[in-house]
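Visitor: Chains as they are written, first to last, in my numbering: chain A, 776 to 892; chain B, 1349 to 1478; chain C, 18 to 154; chain D, 2 to 769; chain E, -7 to 83; chain F, 206 to 365; chain G, -18 to 483.
Each residue gets a CB set at the ideal place from its N, CA and C atoms; glycine is no exception.
Predicted model only: the values in this text are computed from it and were never measured.
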Amino acid sequence: MEILLAIMTGILYASGIYMIMRRSLVKLILGIVLLGNGVNLLIFVLGRITKGEPPIIDDSQKVLEGIYADPIPQALILTAIVISFGLQSFAIILVKRAYKVLKTDDLDQLNTTDEDS
Amino acid sequence: MIDILIYITSSLGAIFVLLAAIGILRMPDQYLRISVNTKAATLGVGLLLAAAAIFFLDVSVTTRVIAVIIFILITAPVGAHLIGRTSYFLGNKLWDKSVIDDLKGKYNKSTHELKGDDKDSKEDKSNTEE
Amino acid sequence: MKTLILRSASSYLLPVLLIFSVFILLRGHYLPGGGFVGGLVAAIAFVLDAFANGLKKTKILIKIHPGFLMPLGLLVAFLSGISPMIIADMPIMTGLWAGHPIPVIGAIGTPLFFDIGVYLVVIGASLTIIFTISESA
Amino acid sequence: MLEAVLLGFLFSIFLVFAGRYFRGKLAVLSALIPISLFVYFASFINEVAQGKVILESVEWIPSFGVNLSFTLDGLSLLFALMITGVGSLVFLYTAAYLKNHKYLDRFYGYLSLFMSAMLGLVLSDNLMSMFIFWELTSISSFYLIGFNNDKADSRKSALTALGITGIGGLLFLGGAVLLGDVAGTYRISEMLGMSDSILKSPEYILIVILIFAAAFTKSAQFPFHFWLPGAMKAPTPVSTYLHSATMVKAGVYLLFRMSPVLGGSDFWHHTLIIFGAITMLYSAIHIIFRTDLKGILAYSTISALGILVFLIGIGTQAALIAASVFIIVHALYKASLFLITGIIDHETGTRDITQLSGLKKVLMPVAIAGFIAALISGGVPPSLGFVGKDLIYEATLHFENNAILLTVIAIATNILLFYAGFVAGVKPFFGKLPDKFEKVHMPSPLMWIPPLLMTVGGLIFGIFPGLIETTFAKPIVNALVTDTEDFHLKLWHGFNTILALSATTLVLGTILYFTIKPKHKLEQAISKLDRIAPKNLLFKLSNGFVDFSSLWTSVFQNGYLRHYLSLIVAFLIIAVGFLLFKDFSLNIDLRSLSRVTIYEISILTMLLCSVLYTVFTKSRLAAVASMGVVGLSFSLLFLFYSAPDLAMTQFSVDTLTVILFVLVLYKLPKYLNLSDNKVRIKHGILSLVFGSMITLLILRVLSEPKNTEISEYYAENAYTLAHGKNIVNVILVDFRGIDTMIEISVLIVAALGVFGLLKLRLKSKDKK
Amino acid sequence: MNIHDFLYYIILPILSISSLLVFVRFIKGPSIVDRVVALDLLITISIGIIAVYSIINDKPTFLDISLVLALIAFLGTVAFAYYLEKRNKND
Amino acid sequence: MKTKFLSNILLTLIWVFLTGGYEFNNFLFGFVLSFIILWILSNNDNNSEKKYFKIIPKLISFVLFFLWEMIKANIQVAYEVITPPHNMKPGIVSLPLDAKTDLEITLLANLITLTPGTLSLDVSTDRSVLYIHSMYVFDREDFINDIKNGFEKRLLEILR
Amino acid sequence: MINDIILLPLVVHLFFSIVLMFFWNKVNFQKTFSVCANVIALGVAVYVFMFVYNNGTQTVQSGNWDAPFGITFVGDMLAATLVLLTAISGLAVSIFSTVSVINARLRFGYFSVFHFLLLGLNGAFLTGDIFNLYVWFEIIIISSFVLISIGGEKNQLEGAVKYFALNFFASMIFLTALGVLYGLVGTLNMADISMKIAEVENRTLVEICAVLFLVGFGIKSAIFPLYFWLPASYHTPPSAVSAIFAGLLTKVGVYALIRVFTLIFLDDVFLDNLLIALAIMTIFSGGIGALIQTNIKKVFMYFIICHIGFMIGGLGLFTEVAIAGVIFYLVHDIIIKTNLFLMSGLIYRIKSNFNMKKIGGLYANYPKLSLLMAIPLFSLIGIPPLSGYWPKISLILASFDAQQYWFFGALIFGSLITLVVIAKLWSEVFWKDQPKIEFPKKFLFFDQMKLKDKFLFVFPITFLTFVTLYIGFGAEHIQQLSQRIASELMNNQLYIDAVFKN
Ligand code: NA
Ligand code: NA
């Protein structure tokens, strides 16, 4: 399964990057979301996957024994998800404002600041 | 005994879910798909959850299962209503074998106010959608 | 949206969702859940209300400006983070625990207050974002 | 000595605040600074003449080995006296020349800054501090050249000068650092004994090249000479002070100083001789084609600098004596000629030599000074110039290789310099006085006394060369040459080859003066060759470089986000790909992997299809809905792989994101396919390659063993120590609580940002 | 065949295939309404999958996720409806 | 009715405190017990308060009715799904409403949605009409009457 | 409490941000409070610096969990120095902001986001945990996103979109690197990683991981070919914002590179050469970018890039001398770049324009201000003995020792082009007469400002100029500090011991 997940991660990276490279602002955001998901999956897979054994100590137990999923990548991804959520919501609004002010969806029109003025 | 109950509920649940899936794939128009969705799936999932409740036989699990089922029963029809009326706004046509459309012409296009069953629209009743 | 069905359904769903969010928040230390998901659920509850009844009514309902919840929550988290420094001369974020564990919540300690801070911040931030967007939409 | 060096700096800082008092009549008081310094340094003449070397060292930045170490030997004393002496006269002259100028105080500020820097340079025994002062001379000269900064010409000249000397300075720094590294010290006095080991070190050639670069740029050697004529845009006192007497000699000074340390190799000598020879002849020839007085003087200065480099290159004791005497000669006559030119310019308003004649009627004392200066310059006995010229021929004639060739070059140069001196110092004053200059009157004595003083000095030294010999020539030779032979400076050596050569020079020079008259035609004729002049070649090069810069920048910084991203991705592909395939191996233990099940497959299929659908759909709404499916699939995956917290969070976040999208979506543009197919394919390939790289990377990492120490610790202690059973939550609020604290701060800031972005509307008056 | 195997080898695959079928509708559309309905149904089916998965792994905790799904899934539908209606109005 | 309910809850709590058993079953038992006690004591109450005791049986029967309808609905759907869709007669029908309050209308609409072949699309702005999409509209009036006599009536009985 | 001293900068800034959010609408309160807060923060930073200076590296195990189980904060000399510099720049910018940023912007949480930014910077410097570093980076970038876009003017938004996209991408690469690293060593504590990564057999994977970190941090620190977002965006927000960005944002990337490449990825020829090659291209690209600009903010911006190359190259040389040079340069650069952008704000206030072609005559009309501004400009060039000069000695020396002559050439090139461009700028902006252009009517020119406001405009510039002068003339102190930091960095066992001492 890990192989399939690795391939999936690669596809998520590829599609995220591909979408960011489009000229449309909306695609940019979708690309960001996809890429973010890809990264989460990468961390998750590299933390090694375990099925059906969440890192939760049983009611009756005091320590977690036997096989269990590594909680650290989960905590990291959780943090990353929240942060990405903040960034994505900001990005969505940024794009909305940009579209309103610049009146274009075409990223190629957004190149005046790079030019010498 | 409990096992048999689980076999039955889970099988039925899965079958209804499968039916809902086939239904949404096969039904000819949006309204029918919505209709299928809200029924079969709700029941199917309810049964699967029930299977879980039976399996664990634990108060906290049972309450949770009941809670989930109630939530689904509340939200599914509301969602269906919302998306159904939206579909109508969007002008999604009824299946061409539909027999009646009382809703035709009742929505005010700009305010989305919906007229009641007043007199001047009575004659529309028997009209079928093209 | 002007729909009676949604409106009345949401008026029953709102308290349920809120209770549920607090439940998720409090049991997070023992079972899946915690301040973040709890906060999101609570925020979603208010968003639902806003969809059904309009933003103005929801704002009146909440009473405090969601923007205010953010510093409030952060303050709670901050205080529970630095209290060990001040009270117990321990490093920042050291858990201070009181008494015996109680059902659902587990032991009461600074991490719980920290999680409550997270909960408030998440509600505040999500609502600020969504309400602002709705207002300017 | 430190105080002496700092005095000028302090004065210029003082002028920043009290400058307004020095714009008027008090300005002349500024001259007290150089005069007192001159007196101060003059007081060391005796000690130094007796062979003493005065050292002084103040610790400054020992970590770098940079100390303010000063040494006063024959060489530095000569330069110090020249700097302060010529400085005094220039300071006095300026008071009249720029009388009532709005920015006279600034001018004095720069001048004294420059003077201090120059003093520091020549007194430094530490290469690093020498470099510091070196750079300060460049900077202060930048301000002096650009003094008339409302004129575009001046600004451009200042920039050119700074650019050329700047690069030299930086190379000097490189050389100094390298030399310091090789020698283990920056103290020049300590390096003296290490000459042999430095010569043998592998870095020697590099050091010499760097030092040469510094010296050649500063002292205007071919092909870096062209900044100097440009620098003549500066007010005359500046040209006098910096560009004839002092700053341009800094390079020469450096070569002097370094010759005991770095000299002795063929590379050293040959390079200097070649560059010096080319410079002296090349610019001497230039003189014929100039009509601007200052231009003539500029080229003759370059030529003189060439002679000095040439002599240092020859490097024999005779040559060094010749060089040190020639420095004095040149300072005296060239400074005078500049000051005289300044007077002519100041009083007649022109420096065009073709228009100037007969001025002796109205400017008699100036004419006298000019005449004497011309004599010195031409090496006419009994001036010091004659002594200098003889010494040069003596040095060339007795050089081991190509003595004849070198002598011929020297003679040719001297003839042309003779011509230059007479054109500048004599021609304006003789002949018929044009009507328009009838009303020209004598300037303030402050202006004509300085040149007169200097030229008279040149005569006196010529008649009594012994003064120079004891005070400067011998101490200098002592400082620079290890096995000195006894020598004496004399005006009259008797009849010999050298006298014959001198006579030839004078005769040919005179003939030249009377046959060739400066003409605009000549100037125009030569200007056709400007295309291949180093100056223009370099300008072309720099213009080309600017064009190239624009091209480079517009290629890389073209404003297209996708372009930037594809560059970054391409870089990643190259760097990571290189490593990945450097020793490619993929040995995954398939048994260690988890089984593939149908539900996982179906979720993955769904995920895959929804991702692809998001990418390729033409409806943005469908894309958003598709993102919902992606989120759902993720939740399920997290669930399958034992991450319930993640599953919950992913799903709630996803719902909120969809809501967000939906709220703004109809404010967003339609979902256009803007790129053409070629671009799409290019990006597609790039993305796919990158994606496959990530896949391979994951697989390779998965085949490595994993360390589980920390998760085991959590599993054991989450409940007993942190009172929680959901370990993920315990990590979030306890083990790694700080992460969470900051993470919620991120959310808050994002919310503030959204609020600000949407609510803040700058009205036009707000926009600053 | 015990309950575990039954659920694992029969029920879960059925549910998985159901999701794929629904997903086909999602891709096919043709209207956005179809997609929203399909998404909603996918989530509902996921609740079922979670229920079964919790039995298989004997982890009642997983049911909490289904609770979250049940509660907020419908918000997506509400949001889409809101959007479509608003867009329709503005046209 | 509300007061009765509250007293019921109060009594339940008292029971729970007295017994000291905080489990779900004890709550349930306490609730049933106090319900019976209140019912016994209810003879002197006025009509509206008596309703509280009728409502529970009605509620139970309604739930059963609803479940039955729902199972029927699903079987019907199952049939439709696996056979070719030729014998459907779908259409949108306007149903005049007797239900008045928000809760009544909403519950009715939702229940209709959950049961055979029908889907509540919308309520008119003046609340007079509920528009229903149905898979089978063989006869418009029969269809309306079925709902009015079935769901609406039962529902309103409970709610009013 | 005594152990937590190094956390004080974090605690105070977080506290200030919270307080400022509570007083959302009170602009005047926010101004006063922020300035006072920054004075306090400076005091704290000085205290922390002195404490670390006297007592050596300090560590705090947050949550009282022994390393590597919790998040460890490490205040070594490098971190303490950067905290101090952040406080200095922060104070200057906050004073400058009170008059240069319009009230409309201030009313929308400018100051509180500003303190979050400072919080993030301090956190990034102090943390000893790689994932925690990521989180600090995120608070930094989200704050910078907000600051760069707040006000929402046209070019601001254009810049912000690119800034966002590429910085987001950088974060993603950073996270990817983190994932790979965790997959290899199973720990996040940097000291622990440093020990465990040595045991990883597959060195290629370690190198790949390093390259990923290099790109992640490299985008943030604007090295070639990853810098493109910077020229597209840094000039668009108000000058005060550009100033803090210029001074600190790219430097935090440099800091991270220094940390990672001195603590975790060591002794790798491939990586060192890669760093040097990138540094050369960075210097080159940045330098020629600056050469062709006419907007003074853009000129300064390209210099940010150009001079980052100096530091990255020094890191690539990886000798104690080189690292000392890098640290010295870092110290110099933070102060000077902040000041440059404050100056550009002042020039804009005087002339209502950033374009060199349209402004002139500053020297004639504002001689004292011009001289004041000349000092930072000269320091930037590295005119000895000002601050930019000293680190070059170390860098040049190190490049010779390592026989990296191309890098030496790049250093010379970068310095020369800085010299030429600044001289050109001086000649255009200060020397040239004011060209005849139409000045905007509704513009509050510097001359029309109240004396108090003028003072607030000039004071931060003067303050930073004095700091720069100190760095130049007190180079001995800075160099000793740099050498100490360099030796600490080159001996990473010290760091590891400090983390695990308890
Ligand atoms: Na949690
Ligand atoms: Na703790």
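If contact means a Cβ-Cβ distance below 8 Å, which residues of the region 600 to 613 of chain D contact chain E?
Guide: Residues passing the 8 Å Cβ filter: Y600, I602, S603, I604, T606, M607, C610, S611.
Visitor: What is the rounded straight-line gap between the Cα of R330 (chain G) and the Cα of G341 (chain G)?
Guide: Rounded to whole angstroms, R330 (chain G) to G341 (chain G) spans 13 Å at the Cα level.
Visitor: In chain C, which residues lie with their C-beta within 7 Å of the C-beta of V857 (chain A)?
Guide: Correct list: F53.
Visitor: Is S643 (chain D) near E828 (chain A), with beta carbons less than 8 Å apart?
Guide: Yes.
Visitor: Using alpha carbons as the reference points, say which of F:K305, F:T323, F:I349 lies closest to L361 (chain F).
Guide: Answer by Cα proximity: F:K305.
Visitor: Of all Cβ atoms in chain A, is any one closer than 8 Å to the Cβ of H724 (chain D)?
Guide: Chain A contact via Cβ: absent.
Visitor: Between the region 830 to 851 of chain A and chain C, which residues of the former have CB atoms less than 7 Å from a CB of the latter, in chain order?
Guide: Correct list: I831.
Visitor: What is the rounded straight-line gap between the Cα of L753 (chain D) and the Cα of V25 (chain G)?
Guide: C-alpha separation (whole angstroms): 27 Å.
Visitor: Consider the Cβ of R621 (chain D): report whether some Cβ of chain G lies at a distance smaller than 8 Å.
Guide: No, R621 (chain D) does not count as interfacial toward chain G.
Visitor: Around the C-beta of E744 (chain D), are 16 or more other C-beta atoms found within 10 angstroms, so that it is buried, or is it exposed?
Guide: Buried is the call here.
Visitor: With a threshold of 6 Å on Cβ separation, who are the neighbours of F419 (chain D) within its own chain once the five nearest residues in sequence on each side are excluded?
Guide: Excluding residues within five positions, the ones whose Cβ falls inside 6 Å are G379, G510.
Visitor: Do L30 (chain C) and L65 (chain C) come within 8 Å of each other at the CB atom, strictly closer than that value?
Guide: Closer than 8 Å, so yes.
Visitor: Does the distance from the C-beta atom of E395 (chain D) to that of A285 (chain D) stay below 8 Å?
Guide: Not closer than 8 Å, so no.
Visitor: For F40 (chain C), would you say it is in contact with chain G, using Cβ-to-Cβ distances shorter than 8 Å as the test?
Guide: By this cut-off, F40 (chain C) is not an interface position.
Visitor: Of all Cβ atoms in chain C, is any one closer than 8 Å to the Cβ of A73 (chain E)?
Guide: Chain C, which has a Cβ nearer than 8 Å to the Cβ of A73 (chain E), makes this yes.
Visitor: Could I get the ranges of all uninterrupted beta strand (DSSP E) runs contained in the region 419 to 452 of chain D, with 3 residues as the minimum, in chain order?
Guide: The region 419 to 452 of chain D contains no whole beta strand (DSSP E) run of 3 or more residues.
Visitor: Consult DSSP for L324 (chain F) and reduce its assignment to one of helix, strand or coil.
Guide: In this structure, L324 (chain F) counts as strand in the three-state DSSP scheme.
Visitor: Within the same chain, show all residues whose beta-carbon is closer than 7 Å to that of W269 (chain D), passing over the 5 residues directly before and after it, in chain order.
Guide: Excluding sequence neighbours, W269 (chain D) sits near V209, L263.
Visitor: At least one CB of chain C closer than 8 Å to the CB of L308 (chain F): is that the case?
Guide: Cβ-Cβ to chain C under 8 Å: yes for L308 (chain F).
Visitor: Starting from V44 (chain E), trace the alpha helix (DSSP H) in both directions and tell me its first and last residue.
Guide: Run containing V44 (chain E): 24 to 48, per the alpha helix (DSSP H) assignment.
Visitor: Closer than 8 Å, CB to CB, is S1383 (chain B) near chain F or not?
Guide: Interface residue, yes.
Visitor: When you compare the CB of N1456 (chain B) with every CB in chain E, is at least one pair closer than 8 Å?
Guide: It does not: the Cβ of N1456 (chain B) has no partner Cβ on chain E nearer than 8 Å.
Visitor: Listing by chain order, which chain G residues have their CB less than 7 Å from the CB of P108 (chain C)?
Guide: The answer, in chain order, is N(-16), D(-15), V41, Q42, S43, G44, N45.
Visitor: Taking the Cβ atom as the reference point for each residue, do L306 (chain D) and V249 (chain D) lie within a distance shorter than 8 Å?
Guide: Going by C-beta atoms, L306 (chain D) is nearer than 8 Å to V249 (chain D).
Visitor: Between D32 (chain E) and chain C, is there a C-beta pair that is closer than 8 Å?
Guide: No, D32 (chain E) does not count as interfacial toward chain C.
Visitor: Mind checking the region 815 to 827 of chain A against chain D and listing, in chain order, the residues whose C-beta falls within less than 9 Å of any C-beta there?
Guide: If the cut-off is 9 Å between Cβ atoms, the region 815 to 827 of chain A has N815, L816, L817, F819, V820, L821, G822, R823, I824, T825, K826, G827 near chain D.
Visitor: Would the beta-carbon of T414 (chain D) be found less than 7 Å away from any heavy atom of ligand 4?
Guide: Among the ligands present in this structure, namely ligand 1 and ligand 2, ligand 4 is not found.
Visitor: Tell me which residues share the same chain as N1475 (chain B) and place their Cβ nearer than 6 Å to its Cβ, disregarding the 5 neighbours each side in the sequence.
Guide: Bear in mind that a pLDDT of 40 at N1475 (chain B), under 50, signals an unreliable position, so the number given afterwards is only what the model happens to contain. Cβ neighbours of N1475 (chain B) beyond the five flanking positions: none.
Visitor: Looking at the C-beta of R332 (chain F), does it have a partner C-beta in chain C at a distance below 8 Å?
Guide: Output row for R332 (chain F): interface = yes.
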